[in-house]
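Chains as they are written, first to last, in the numbering used here: chain A, 861 to 1108; chain B, 913 to 1236. Before any comments, here is the structure.
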Amino acid sequence: MKLVVCVSYVPDTASKINVSLDGKTIEQAGVTYILNPYDEFAIEEALKLKEKFGGEVDIISLGGDKNKESIQKALAMGADNGILLKDDSYRDSVAIAFGLAEEIKTLNADVVLFGKQSVDYDNGIIGQLTAELLGFNCVSVVTKLDITDNKVTAEREIEGGKEIVSTSLPVVITGQKGLNEPRYASLKGIMAAKKKVITEKTPVQFESKVLIDGFTKPASKQAGKIIGTDASAAAELVRLLKDEAKVI
Amino acid sequence: MENKILVFLEQRNGFIKKSSFEIASYASALSQKLNATVEALTIGKEITNLQEVGNYGISKVYFYKNPELELYSSSAYKKIVSNHIKENENNLVLFSNTAMGKELSPLVAVINQGALSVDCTKLDVENDSVKVIRPVYAGKAFMTAELKGNVNVISIRPNTFPANKTSELNSEIIEKYIEDLDLSVRVTEVVKSDSKLDVTEADIIVSGGRGLKAPENFKLVEELSQLLGAATGASRAVVDAGWRPHGEQVGQTGKTVSPNLYIALGISGAIQHLAGMRSSKYIVAINKDKDAPIFQIADYGIVADLFDVVPELINELKKIRGNE
Ligand SMILES: Cc1cc2nc3c(=O)[nH]c(=O)nc-3n(C[C@H](O)[C@H](O)[C@H](O)COP(=O)(O)OP(=O)(O)OC[C@H]3O[C@@H](n4cnc5c(N)ncnc54)[C@H](O)[C@@H]3O)c2cc1C
Ligand SMILES: Nc1ncnc2c1ncn2[C@@H]1O[C@H](COP(=O)(O)O)[C@@H](O)[C@H]1O
């Protein structure tokens, strides 16, 4: 089974995010980058499928040299090959997906896995975009996956419950927490990964139609009032919610 | 350029969702401002409350029907919406950023070679350019962006705009029975979770954290939720501990919510928790540590033991409920 996982490289969720003075970019000082947390679910699921069906796991990331760190981590977890589609310029999500899809077309993939969302721009769309560009079936925000022969059954999270989705290979899935417990890279895995080559390629160009104007910080919320320090404050709270905030 | 807006109305169990009425209401206000046309589209088997769309200012609704379309099928739905866009030359297509909208909008954007921006909290059209604002980095910043597609596909964060019943329009409903469905990806079953109301759909959320001390104490949280007609939420600490199901988790790796009222009980307010709820309109925190970060963003705080305050709060609410 040919398995492909697309991974991104994003600020650690605990990073403080500051906007540059001109409002055009996010300050990079003090921001540490990591493999996108949701992509770990995708990598783990690919490794499990490989254990079950045999085959290979390819990792692809589109971006600058730094993205190799994400690829490296996936290789350390047990993936076979890494591909960096090197492009330092801005691409919107469709243009990223286009670059990924053109590469994946050459790989004969059965299952292509993504994280449900990158924790930088919080889009959650590149998996679906890539699926449509490939002409693959697509199930997003997957918490359970079962593949038997050509048949795919997936559970996806929705408001107030889950959907059981039935489809077939080739398929794109985007992984959500619950899908599996991502393994830690073993020391042996980390050493082995150092010997694996990451192939560098130039992704196919595509015009971005979403242009970023800039960033702003949310208006800092005034720390509100402390209305009491014991149970007697409950009555005042109810009054405020009813008469001042008018939310109950 | 003449703007032709299309609103995708999502039905579940034969009812158009509230978040769809929110975007219908927003789109009709926008269309008046732009002097644009606005129409809506929905897909399903039978829909009970379709006529209500008129109350939100939309005069024409296309209803694509087939018993097989009662449950969502991304392959069938994407084709129906995309064909409609082509035939009607829509150039601005709005979805609500729900589980369905989030999956469907990118598929539709690709088929129509359009531009896509999801989870927007503001949308404006000025001199032929579509501008959006959307939260990024888990709400730690906002991005402003411009869309330059011939078709611009946008999804709007639920609970961002009110669903205003401002009109008495009687919508014209155009039913189209369609055959030849592509059901290569289809939902075969929907399983409801145990919690009655989902946090992403609630106007009020009462969430509990590690300060609750033990899983059985969540009956306090549930009692308060029930009195307020609220959904029950949780911090990751208590979800990881197995006290609460993952579906209730609010935050970076859980759900993003923006209810009118968010009540945090025994939650410290870690940055990853705030990421999921900071855009709530009113925030109440009850925590015995006066330095807990949750107080930084709370509108109303009580620094006390929740096991003293919450029962009293329940009593007070029962009193006012009794008087109503
Ligand atoms: C990558 C990543 C993703 C994460 N994603 C999420 C996420 O999605 N959602 C999330 O919530 N967290 C998330 N976290 C975890 C987050 O950092 C915190 O650990 C977590 O939110 C803490 O939960 P808590 O507030 O319930 O517990 P604690 O931080 O332990 O806080 C408990 C609070 O209860 C108070 N308390 C104790 N007893 C009482 C009492 N009797 N009365 C009143 N108050 C009392 C204490 O003063 C304390 O403030 C994530 C972390 C990482 C690293
Ligand atoms: N630059 C990239 N290169 C490879 N994969 C990516 C890239 N950006 C995002 N992805 C994948 O797409 C998923 C969704 O990303 P997004 O739509 O940006 O939130 C991520 O979890 C990754 O699996």
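For glycine and all other residues, C-beta sits at the position ideal for the given N, C-alpha and C.
Where the alpha helix (DSSP H) through residue i begins and ends
i	result
A/Thr990	986-994
A/Lys1081	Careful: A/Lys1081 lies outside any alpha helix (DSSP H) and carries neither H nor E.
B/Arg1148	1148-1152
B/Pro1018	1011-1023
A/Leu1097	1093-1099
A/Ile1050	1047-1055
A/Glu963	953-964
B/Phe1130	1130-1140
B/Val1169	Unbroken run through B/Val1169: none, as it is neither H nor E.
Selection from the options that minimises the alpha carbon distance to residue i
i	options	result
B/Asn1227	B/Ala1187, B/Ala1114, B/Glu1135	B/Glu1135
B/Pro1127	B/Ile992, B/Met1189, B/Trp1155	B/Trp1155
B/Asn1071	B/Pro1205, B/Ile935, B/Asp1040, B/Ala1204	B/Ile935
B/Asn1172	B/Leu1124, B/Gly1121, B/Asp1211	B/Asp1211
B/Arg924	B/Pro1205, B/Val1111, B/Asn961, B/Lys1231	B/Asn961
B/Leu1225	A/Arg1099, A/Ala1083, A/Thr1008	A/Arg1099
B/Ser1137	B/Ile997, B/Lys957, B/Asp1110	B/Asp1110
B/Lys1014	B/Tyr1049, B/Glu914, B/Ile1068, B/Gly1141	B/Ile1068
B/Asp856	B/Phe1219, B/Ser937, B/Thr954, B/Lys977	Here chain B covers residues 913 to 1236 and nothing more, so residue 856 of chain B does not appear.
B/Arg1098	A/Val999, A/Val867, A/Thr1034	A/Val999
A/Tyr1044	A/Glu904, A/Pro1063, A/Gln888	A/Glu904
A/Glu916	A/Asp940, A/Glu1096, A/Leu1097	A/Asp940
A/Gln1065	A/Asp872, A/Arg951, A/Tyr898	A/Arg951
Expected contact under 8 Å - CB spacing of residue i and residue j to nearest Å
i	j	result
A/Ala1094	A/Gln932	So it is not a contact: roughly 54 Å between Cβ atoms.
A/Leu922	A/Leu945	4 Å
B/Val1222	B/Leu1139	The Cβ separation is near 11 Å, so there is no contact.
B/Asn967	B/Lys1077	4 Å
B/Gly1141	B/Phe1130	Actually they do not touch by this definition, with Cβ atoms about 18 Å apart.
B/Arg1148	B/Thr1168	Going by Cβ atoms, the distance from B/Arg1148 to B/Thr1168 rounds to 14 Å, so no, they are not a contact pair.
B/Leu1059	A/Lys1069	6 Å
Under 7 Å between C-beta atoms of residue i and residue j
i	j	result
A/Lys1081	B/Ile1209	yes
B/Val950	B/Ile970	yes
A/Lys862	A/Asn968	yes
A/Ala902	A/Val864	no
B/Ala1021	A/Ile1072	no
B/Gly1213	B/Ala1197	yes
B/Lys1231	B/Glu1084	no
B/Ala941	B/Ile917	no
B/Glu1101	A/Glu1019	no
A/Thr1008	A/Glu1017	no
A/Lys1056	A/Leu935	yes
B/Leu983	B/Ile955	no
B/Gly926	B/Glu964	no
A/Glu929	A/Pro1042	no
B/Val1065	B/Leu1028	yes
A/Glu963	A/Ile1024	no
B/Phe864	B/Ala1075	Examination of residue 864 of chain B is not possible in this model, given that chain B is present from 913 through 1236 alone.
B/Tyr938	B/Phe1054	no
B/Ile1206	B/Tyr1174	no
B/His1158	A/Gly1021	no
B/Lys1052	B/Ile1045	no
B/Lys1200	B/Asp1220	no
B/Leu1019	A/Glu1067	no
A/Phe974	A/Gly987	yes
B/Ile1117	B/Ala1143	yes
B/Ser1176	B/Ala1050	According to the sequence provided, residue 1176 of chain B is Ala. The question's Ser does not apply to it. No; because the gap between Cβ atoms is not below 7 Å, this pair is not in contact.
B/Ser986	B/Ser931	no
A/Ile1058	A/Gly942	yes
A/Val979	A/Thr873	yes
N- and C-terminal bounds of the beta strand (DSSP E) containing residue i
i	result
A/Ile946	Here residue 946 of chain A turns out to be Lys, not Ile, going by the sequence shown. Per DSSP, A/Lys946 belongs to the beta strand (DSSP E) from 941-946.
B/Lys1043	1041-1048
B/Lys1060	Careful: B/Lys1060 lies outside any beta strand (DSSP E) and carries neither H nor E.
B/Phe975	972-977
A/Asp899	That residue, A/Asp899, is in no beta strand (DSSP E); its alpha helix (DSSP H) goes 897-913.
B/Ser857	Residue 857 of chain B lies beyond the range of chain B shown here (913 to 1236); nothing can be said about it.
A/Leu973	971-975
B/Phe920	916-921
B/Ile1085	1084-1089
B/Leu946	Not the beta strand (DSSP E): B/Leu946 falls in the alpha helix (DSSP H), residues 930-946.
Neighbour list for residue i in chain D, Cβ cutoff strictly below 7 Å
i	result
A/Gln988	Although the question refers to chain D, the structure presented lacks it and instead comprises the protein chains A and B.
Counting by C-beta, which residues lie closer than 5 Å to a heavy atom of ligand 3, in chain order?
The ligand content of the structure shown is limited to ligand 1 and ligand 2, which means ligand 3 is not among them.
Should the segment 1011-1028 of chain A be regarded as contacting the segment 910-930 of chain A, the criterion being three or more beta carbon pairs within less than 8 Å?
The segment 1011-1028 of chain A vs the segment 910-930 of chain A: no contact.
Is there contact here, the segment 981-992 of chain B with the segment 1034-1045 of chain B, by at least three beta-carbon pairs under 8 Å?
Contact annotation: the segment 981-992 of chain B does not touch the segment 1034-1045 of chain B, with fewer than three C-beta pairs closer than 8 Å.
Taking contact to mean 3 or more Cβ pairs, one atom from each stretch, closer than 8 Å, check whether the segment 871-888 of chain A and the segment 948-967 of chain A are in contact.
Counting Cβ pairs under 8 Å, fewer than three are found: no touch.
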